[in-house]
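Chain order of the listed sequences is A and B.
Numbering follows our numbering, in which position 63 of the first sequence is assigned residue number 63; successive positions increment by one, without gaps.
Start counting at 1 in the second sequence, then tack on 1000, and there's your number in our numbering.
C-beta atoms are modelled at their ideal positions from N, C-alpha and C, and glycine is treated no differently.
Structure, as structure tokens:
Protein chains: 2
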Amino acid sequence: MTAVRIALVNDYEVVARGVVGMLRSYQNRIQVVELDLNRQVDESVDIALYDTFAGTQGDRVAVKALAANPAVSAVVVYSWNLDPTHIAAVLGNGAAGYISKGLPASMFVAALEAISRGGDRIHLGGKSTPTVMAGDWPGREEGLTEREAEVLALITQGLSNAEIAERTHLSINSIKTYIRSCYRNIGATSRTNAVLWGIEHGFRPDRVRVDHPEPAPGGSELAPQA
Amino acid sequence: MTAVRIALVNDYEVVARGVVGMLRSYQNRIQVVELDLNRQVDESVDIALYDTFAGTQGDRVAVKALAANPAVSAVVVYSWNLDPTHIAAVLGNGAAGYISKGLPASMFVAALEAISRGGDRIHLGGKSTPTVMAGDWPGREEGLTEREAEVLALITQGLSNAEIAERTHLSINSIKTYIRSCYRNIGATSRTNAVLWGIEHGFRPDRVRVDHPEPAPGGSELAPQA
DNA sequence: GGAAAGTTCACCCCTAGGGGTGAAGCCTCA
DNA sequence: TGAGGCTTCACCCCTAGGGGTGAACTTTCC
């Protein structure tokens, strides 16, 4: 069984690096051949993974273009948007598969393999798993601890270190420590990078939201406060 | 003719402030009564403007909750997502109107008024105007000059000031000047704020993309380079 | 019982970023 | 022709943020 060769299509280096980081532990099954920020794939690959965020109509055009590329066997869209009509439209435009960003890394890899060998095309996880599970937290699969995810969530909301310290009742030195280790984990070198990464990974509260808003262990801290 | 009273529902202070800034020049027609970051409206208003980004299914739940609020006469969704099915779903969930973020400020105000007096519910602009028009640029309506919009676009891509200077062939001092005046215009006090604002206003290249990718005056500089 | 990993914090450092001012050259429009 | 706005840049300032190290205490797990 040979590894599935994929090309990552995404404008943002940070984001692309994040996905690569997630796939690092599955190198024998998924091989990231190319990281193209410019929407052109040179080397031939099994899958071009189109990593998108919102799932707008602009994506459909891009998918069409990618699918027309002879170096690409299949285009797979990787998005937070689980709208059935949007998915149908994208598949109609030449995408071979659709994978939800709500999937954990292991299922993500399995989904890529399934699509590659002609199995199921759509992988959205359980009934409605795009949302953050109670007791779990975004970024967990990328190796972020709960605290790290929390400060990243606050960074992604535009707070300063001082504000984060105040809100979490921690010292500003601790905040800095978390931010540093967080940056190391997601491959960011600046706050801006971290914000972009956070947005691409479902860290914005209330956009990808918990179904039941009861305070849950771990989850509650990530919710926006008054 | 009295002003339409609206409440702004958005998690992000930066974003909310941006919309308020845009409406400042129309104070006699639109009155922003409340800025609620917590999805509760206390004072009674004509319109609760639900300012969203991606247009995910989570929004529908939120819209439903808002529409049930007795203090709110009408819920209007303000989004980049122009997917007809999504719009239909949102209207089915109790929204009284839907306005595209692609509209210029003047049309935006007119749309709010139309919905408020029971006129057209859906305002998406011309045939497909969510995209950036050639010769125009995002942020124009908010008072950003072309240069300011350009540096903001680069900031929103995660570049440092030095990288921006290099890419634009300007001195780093000029970049700083543009950033400062840009911050003043959009009401940001930090780079993170500016990034969030930029994302919410269509500054991310290739997400909201120009239909025809030929280099166009003004538009070309905002496109991503290799 | 000790390794491993997470949490918390204190010190150090140093630069990138944010902010103010002034100034020259370029438009446009009244 | 002169006011006003945009562009470009150079100085100044100073803090927030990024980065390294070390250290105490917790839990978890073999």
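Whose Cβ in chain B lies nearer than 9 angstroms to the Cβ of A:R117?
Within 9 angstroms Cβ-Cβ: nothing; A:R117 doesn't reach chain B, min ~30 angstroms.
Pair within 7 angstroms by beta-carbon distance, B:S1100 and B:L1066:
no
To the nearest angstrom, how far is the alpha carbon of A:V32 from that of B:R1191?
32 angstroms
For a cutoff of 7 angstroms on Cβ pairs, would you count A:I172 as touching chain B?
no
Would you call the CB atoms of A:L91 and A:V4 closer than 7 angstroms?
no
List the residues of chain B that A:I155 touches, going by C-beta distances under 8 angstroms, in chain order.
T1192
Relative to the C-alpha of A:T189, which residue among B:S1116, B:L1159, B:I1115 is closest?
B:L1159
Under the three-state reduction of DSSP, which class applies to A:V9: helix, strand or coil?
strand
Tell me the rounded alpha-carbon separation between A:G198 and B:D1046.
35 angstroms
Would B:F1108 pass as a contact of B:T1156 if the rule is Cβ separation under 7 angstroms?
no
Just to make sure I have the definition right: I need the residues of chain B whose C-beta is within less than 7 angstroms of the C-beta of A:S160. Which are they?
S1190
Within 7 angstroms of any Cβ in chain A, is that where the Cβ of B:R1009 sits?
Note that residue 1009 of chain B corresponds to Val in the displayed sequence, not to Arg. B:V1009 does not count as touching chain A.
Range covered by the beta strand (DSSP E) that runs through B:G1097:
1097–1100
Opposite B:V1077 in the DSSP bridges: which residues?
B:Y1050, B:Y1098
So, is B:N1185 buried or exposed, given that buried needs 16 or more other C-beta atoms within 10 angstroms?
buried
Using the Cα positions of A:I175 and A:L144, report the straight-line distance between them to the nearest angstrom.
14 angstroms
Using only the alpha-carbon positions, how far apart do A:D51 and B:S1073 sit?
39 angstroms
Roughly how many angstroms separate the alpha carbons of B:Y1178 and A:N193, rounded to a whole number?
21 angstroms
Compare the Cα-Cα distances from A:L152 to each of A:V20, A:A110, A:L196, A:S44 and report the closest residue.
A:L196
Quick check on the burial criterion: 16 or more other C-beta atoms within 10 angstroms. Buried or exposed for A:E150?
buried
Does DSSP classify B:V1019 as helix, strand or coil?
helix
For the segment 1066–1077 of chain B, enumerate the residues whose C-beta is nearer than 9 angstroms to any C-beta of chain A, in chain order.
none
How about B:L1063 and B:G1097: do their beta carbons lie closer than 7 angstroms?
Per the sequence presented here, residue 1063 of chain B reads as Val, with Leu not at that position. Not a contact, by the Cβ cut-off of 7 angstroms.
Please list the partners that B:I1199 has in chain A, where partner means a Cβ-to-Cβ separation under 8 angstroms.
I199
Chain-order list of residues whose beta-carbon lies under 6 angstroms from that of B:L1049 (same chain, five-residue window excluded)
I1006, L1008, V1076, Y1078
Going by alpha carbons, who is nearest to B:A1071 out of B:S1044, B:A1088, B:H1086?
B:S1044
Can you give the Cα-Cα distance for A:I30 and A:R121, rounded to whole angstroms?
17 angstroms
Cα-Cα separation, B:V1019 to A:G94:
37 angstroms
Counting only Cβ pairs nearer than 7 angstroms, list the residues of chain A close to B:V1019.
In chain order: nothing, as chain A lies at least about 15 angstroms away.
Pull up the DSSP beta-bridge partners for B:V1045, would you.
B:V1072
Could you check where the alpha helix (DSSP H) with A:T145 kicks off and where it finishes?
First-last for A:T145: undefined, no H or E at that position.
Provide the residue(s) that pair with A:V4 in DSSP beta bridges, ordered along the chain.
A:I30
Quick one: is B:H959 buried, meaning 16 or more other Cβ sit within 10 Å of its Cβ, or exposed?
A query on residue 959 of chain B cannot be resolved here, the shown segment of chain B reaching from 1001 to 1226 and no further.
Boundaries (first-last residue) of the alpha helix (DSSP H) holding B:A1188
Here B:A1188 belongs to no alpha helix (DSSP H), and DSSP marks it neither H nor E.
Per-residue DSSP class, three states only, for A:H169:
coil
Output, in chain order, the set of chain B residues within a Cβ distance shorter than 9 angstroms of A:V195.
G1158, R1191, T1192, V1195, L1196, I1199
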